[in-house]
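Engineer:
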DNA sequence: TATAAACTCTATAATAACAATAGAGTCAAC
DNA sequence: GTTGACTCTATTGTTATTATAGAGTTTATA
Ligand SMILES: [Zn+2]
Ligand SMILES: [Zn+2]
Ligand SMILES: [Zn+2]
Ligand SMILES: [Zn+2]
């Protein structure tokens, strides 16, 4: 049985994060030692790695909770999982589009300054001050 | 002179947001009426639109504060503005790359489920459970 | 054995940029 | 004079952690 510090090392999740996941019911309340220290077995490692994998895909804690719940009822259909994934993918793609557009605007704005000028003449600030959002 | 509600309508910033910007010193403390209502003139409109424009480019409030400060000392060089913009652009591009990679992984993961299966056989959950982060 | 170092515990606050609410006060119209 | 729309301040919530504070536990060393 590992204490929380070792679990942290093994999984790469910080100690506070592990406690946080417990409070949020993503992992079960751990057994306690006589001195009230949390004790974990291998299943805790697996579960934490599952969560970490999900987080690396930007899935939210509620989404992960849902996946874990589905995982516990292995007989159910996986439509719910699919719907969630589809929604999540859509959000990510929307965000990519937003940022791409943003990036174009920022680069255009950046080109409007050629250094060696004073702020008074700075194209960046002038453009930002313009009431219209368009930059060209 | 406008009260905060009208300023909100004109600029498209919510009333709370305007108060928030005041607290964060992005806009000056407004004059007050006898009844202690905030009163704004046209310069407040301009400044709020400037801020809104910056926010639409995902510039942070501290970054905007910096731009506003530079705007007030028009004789200074604009190297600082440029450095900030460059850093900001870099961050946006990094985030785009991250999300693009994420999106590929999510789509791959999504393909591993073909519906009509039970959760037990679900490729998504199986892949998420795999210790390795790779999905293929 | 005493003590110090390293670890753990709970509870609370901070992060970013607001949104939402509570409870009270102001103002205009009817 | 009372309704309704508006405003005020102050507080809390949002997300997923991170960072404290202050106290207790365990392990290693002098
Ligand atoms: Zn999601
Ligand atoms: Zn410039
Ligand atoms: Zn930035
Ligand atoms: Zn499936």
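Chains as they are written, first to last, in our numbering: chain A, 82 to 217; chain B, 82 to 217. Ideal Cβ positions, reconstructed from N, Cα and C, are used throughout, including at glycine.
#1: State yes or no: is the C-beta of residue 162/B within less than 9 angstroms of the C-beta of residue 148/B?
#2: Nearest chain B C-beta to residue 96/A closer than 9 angstroms, yes or no?
#3: Kindly indicate the opening and closing residues of the alpha helix (DSSP H) around residue 125/A.
#4: Would you be able to state if there are at least three C-beta pairs under 8 angstroms between the stretch 185 to 196 of chain B and the stretch 108 to 122 of chain A?
#5: Quick one: residues in its chain with C-beta nearer than 8 angstroms to the C-beta of residue 214/B, no 5 flanking neighbours on either side, listed in chain order?
#6: Between the Cα of residue 244/A and the Cα atoms of 167/B, 87/B, 116/B, 191/B, which residue gives the shortest distance?
#7: Could you tell me which residues DSSP puts in a beta bridge with residue 112/B?
#8: Would you give the residue range spanned by the alpha helix (DSSP H) that residue 178/A belongs to?
#9: Of all Cβ atoms in chain B, is any one closer than 9 angstroms to the Cβ of residue 118/A?
#10: Distance cutoff 9 angstroms, beta carbons only. Does residue 155/A sit that close to anything in chain B?
#11: Taking the alpha-carbon positions, what's the residue 150/B to residue 128/A distance?
#12: Return the first residue and the last residue of the alpha helix (DSSP H) that residue 93/B is part of.
Structural biologist: A quick look at the data gives this:
#1: As a working mapping, residue 162/B is identified with position 81 in the second chain. As a working mapping, residue 148/B is identified with position 67 in the second chain. In contact: residue 162/B and residue 148/B (Cβ atoms closer than 9 angstroms).
#2: The residue labelled residue 96/A in the question sits at position 15 within the first chain. Cβ-Cβ to chain B under 9 angstroms: no for residue 96/A.
#3: Numbered from 1 along the first chain, position 44 holds the residue referred to as residue 125/A. Its alpha helix (DSSP H) spans residues 123 to 137.
#4: The answer is no - the stretch 185 to 196 of chain B does not touch the stretch 108 to 122 of chain A, with fewer than three Cβ pairs under 8 angstroms.
#5: In the second chain, counting from the first residue as 1, residue 214/B sits at position 133. Here the model assigns residue 214/B a pLDDT of 43, short of 50, so the residue's position is not dependable, and the following value carries that caveat. Here the set comprises nothing.
#6: No statement about residue 244/A is possible, as the shown extent of chain A runs from 82 to 217 and does not include it.
#7: Here residue 112/B is taken as the residue at index 31 of the second chain, counted from 1. DSSP output for residue 112/B lists 120/B as bridge partner(s).
#8: Indexing the first chain from 1 puts residue 178/A at position 97. From DSSP, the alpha helix (DSSP H) with residue 178/A extends over 160 to 192.
#9: Taking the first residue of the first chain as position 1, residue 118/A is located at position 37. Not flagged as an interface residue toward chain B: residue 118/A, since no C-beta distance is shorter than 9 angstroms.
#10: Taking the first chain and counting its residues from 1, one reaches residue 155/A at position 74. True, the Cβ-Cβ gap to chain B drops below 9 angstroms.
#11: Residue numbering aside, residue 150/B sits at position 69 when the second chain is read from its first letter. Residue numbering aside, residue 128/A sits at position 47 when the first chain is read from its first letter. Taking the straight line from one Cα to the other gives about 49 angstroms.
#12: In the second chain, counting from the first residue as 1, residue 93/B sits at position 12. Unbroken run through residue 93/B: none, as it is neither H nor E.
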